[in-house]
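Taking it in order: structure first as structure tokens, then the write-up.
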Amino acid sequence: MEVSSRHHLRSDDVRELNENLDAILGVTLDADSYELVEFKDEARDVVLVDGEPLAAYFDDEPFLTVRGANAHPPERGVVTVDAGAVSFVSDGADVMRPGITAADDSIDEGDLVIIVEETHGKALAVGRALVDGAEMSGDSGKVVESLHHVGDELFDFDA
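In this note's numbering, the protein residues as written are 144 to 302.
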């Protein structure tokens, strides 16, 4: 991930970021500095919150990164997977219905979601819902497209 530019976010951009995260996930980031990092060959930008990559823009939508979700656990927009799905999701696989133990009913098709494991509630990935939250449990089919996961370049990005 080659950085093309870095700059501090203006206060109105910080306010907009926090308002969006609060509306979607019930999370507000309280920090002293917010820095936007843009990459040459990546479709997403990262927000360093006090030097940590805690937020990113996925298709121009602000959202927590996996590290951000572990530092600030979301109240909404969460899909929980069982122990059998953990290794697959952690490696970047899309989420399939049989691995889901719970999903927030307020999730709509197309929403960004945080995927967590059921034992400790740790975030494993960020994805895009392919169906509504109420339709995620079942016997077969892909229901969340993986966009970012533990161990990928974004997760390992070091400011």
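Glycine included, each C-beta is placed from N, C-alpha and C at the ideal position.
Being a predicted model, the structure only gives us computed values, none of them experimental.
Within a Cβ cutoff of 7 Å, which residues of the same chain sit near residue 145, ignoring the five residues on either side of it in sequence?
182, 183, 184, listed in sequence order.
With a threshold of 8 Å on Cβ separation, who are the neighbours of residue 208 within its own chain once the five nearest residues in sequence on each side are excluded?
Within the same chain, Cβ atoms closer than 8 Å to the Cβ of residue 208 are found at 189, 196, 197, 198, 199, 269, 291, 297, 298, the five residues on either side in sequence being excluded.
Using the DSSP secondary-structure output, state which residues sit across from residue 149 in a beta bridge.
Looking at the DSSP output, residue 149 sits in a beta bridge with 180.
DSSP three-state call for residue 241: helix, strand or coil?
Correct three-state label for residue 241: helix.
Taking its Cβ as the centre, do 16 or more other Cβ atoms sit within 10 Å of residue 289, making it buried, or is it exposed?
Answer is buried; the Cβ neighbour count reaches 16.
State the Cα-Cα distance for the pair residue 238 and residue 249, rounded to the nearest angstrom.
Distance between the alpha carbons of residue 238 and residue 249 is about 18 Å.
Per DSSP, what are the beta-bridge partners of residue 223 in this structure?
Bridge pairing for residue 223: 245, 259 [DSSP].
Figure out for me which residue from 194, 203, 258, 232 has the closest Cα to the Cα of residue 300.
Closest option to residue 300, Cα to Cα, is 194.
What residue range does the alpha helix (DSSP H) around residue 307 cover?
One cannot answer for residue 307 here, as it falls past the ends of the chain, which runs 144 to 302.
Can you give me the C-alpha to C-alpha distance between residue 205 and residue 272, rounded to a whole angstrom?
Taking the Cα positions, residue 205 is about 16 Å away from residue 272.
From 165, 164, 222, 157, pick the residue whose C-alpha is nearest to that of residue 175; which is it?
Answer by Cα proximity: 157.
Quick one: is residue 252 buried, meaning 16 or more other Cβ sit within 10 Å of its Cβ, or exposed?
Flag for residue 252 reads exposed.
Is DSSP giving residue 297 helix, strand or coil here?
Three-state result, residue 297: helix.
Would you mind giving the Cβ-Cβ distance between residue 213 and residue 266, rounded to the nearest angstrom? I have them listed as a contact below 8 Å.
Correct: roughly 5 Å between the Cβ atoms.
Could you check where the beta strand (DSSP E) with residue 189 kicks off and where it finishes?
Looking at the DSSP string, the run of the beta strand (DSSP E) that includes residue 189 is 188-192.
Considering Cα atoms alone, identify which of 147, 168, 173, 167 is closest to residue 154.
Out of 147, 168, 173, 167, 173 has the C-alpha closest to the C-alpha of residue 154.
With 16 as the cutoff for other CB atoms within 10 Å, does residue 260 come out buried or exposed?
Counting the other CB atoms within 10 Å of its CB gives residue 260 a total of 16 or more, which places it among the buried residues.
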